[in-house]
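Report on one structure; see the data block that follows.
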């Protein structure tokens, strides 16, 4: 794991400012939040992105696919996520639209 652990209390956005909501599947906790894994569900709301076509067409980010999770840290056998994990935002049509922006994380990982 390189970087701070991502939990459901982390603040993440799409590259256009849409807010990411994580639905964790693990029971692992860190600093008051649930540790996020690469297979958790992530949704994005409020993305204002439009395709730059002759008539601008809405193409908001709606989901995230994690391309590079933590390989040495796992929760329930699934790689966890940290500040250095790489996630890519996609539109509802499956178009890649840019990387996830992580604005805040959990600094300490506890195993209580």
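In the working numbering, the protein residues as written are 292 to 403. The C-beta atom is built at its ideal place from N, Cα and C for all residues, glycine as well.
Query	Result
Using a 10 Å radius around the Cβ and a threshold of 16 neighbouring Cβ atoms, would you call residue 370 buried or exposed?	buried
Closer than 6 Å by C-beta to residue 317: which residues in its own chain qualify, once you throw out the five before and the five after it? Chain order, please.	326, 328, 366 and 367
Roughly how many angstroms separate the alpha carbons of residue 354 and residue 373, rounded to a whole number?	18 Å
Output the residue ranges of the beta strand (DSSP E) runs that lie fully inside the region 292-359 and measure 3 residues or longer, sorted by chain position.	302-304, 310-314, 332-336 and 352-359
Whole angstroms is fine: what's the gap from residue 349's alpha carbon to residue 342's?	6 Å
Would you report the Cα separation of residue 346 and residue 357, rounded to the nearest angstrom?	31 Å
Please classify residue 374: does DSSP put it in a helix, a strand, or coil?	coil
How would you write the range of the beta strand (DSSP E) that residue 395 sits in, first residue to last?	392-395
With distances taken Cα to Cα, identify the nearest neighbour of residue 361 among 351, 352 and 376.	376
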